[in-house]
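Peer 1:
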Amino acid sequence: MSLNTIKDALLGVSDAVYHFSAPPNTPQPYIEWAEDGESVFMACNRHAETAISGTVDLYTKDDADPLRTAIPEALNNTECAWYKNSTQYEEDTGLIHDEWVFEVF
């Protein structure tokens, strides 16, 4: 599995998918995803297996936005591990920000 698995799953629910950051003034709703770390399994003092971790972020003004349920469903259809990390309301923009954390091997 690769990071393309995450990208492809997200493109299956929306065309407004951006790696790392959406361009300025992107209309909402939109999705950002990014890798931000790794977990390593060591064997014989070598990296034997590596899992890449990252986040998927949804920005919307609609608390009933179907993407809020479509994203977890799309992640369930991959072989990645994931969990919902937070939902935040961003007062300066009026956006609801949902964040999921993923890990791919």
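Taking numbering that gives the first Met the number 0, I'd label the letters of the sequence shown as residues 0 to 104. A virtual CB, placed ideally from N, CA and C, is assigned to each residue, including glycine. Being a predicted model, the structure only gives us computed values, none of them experimental.
#1: Report the three-state DSSP secondary structure of N3 (helix, strand or coil).
#2: Determine the extent of the alpha helix (DSSP H) in which N84 is found, giving its start and end residues.
#3: Between E102 and A80, how many whole angstroms is the CB-CB distance? I'm expecting something under 8 Å.
#4: In chain order, which beta strand (DSSP E) runs of at least 3 residues are fully inside the stretch 4 to 38?
#5: May I ask you to list the residues that DSSP assigns as paired with L57?
#6: Between W32 and I5, is the Cβ-Cβ spacing less than 8 Å?
#7: Whole angstroms is fine: what's the gap from Y82's alpha carbon to C43's?
Peer 2: Here's the rundown:
#1: Residue state, collapsed to three classes: helix.
#2: Unbroken run through N84 is the beta strand (DSSP E), A80 to E89; no alpha helix (DSSP H).
#3: 5 Å
#4: 16 to 18
#5: Here L57 is bridged, per DSSP, to I30 and D97.
#6: yes
#7: 31 Å
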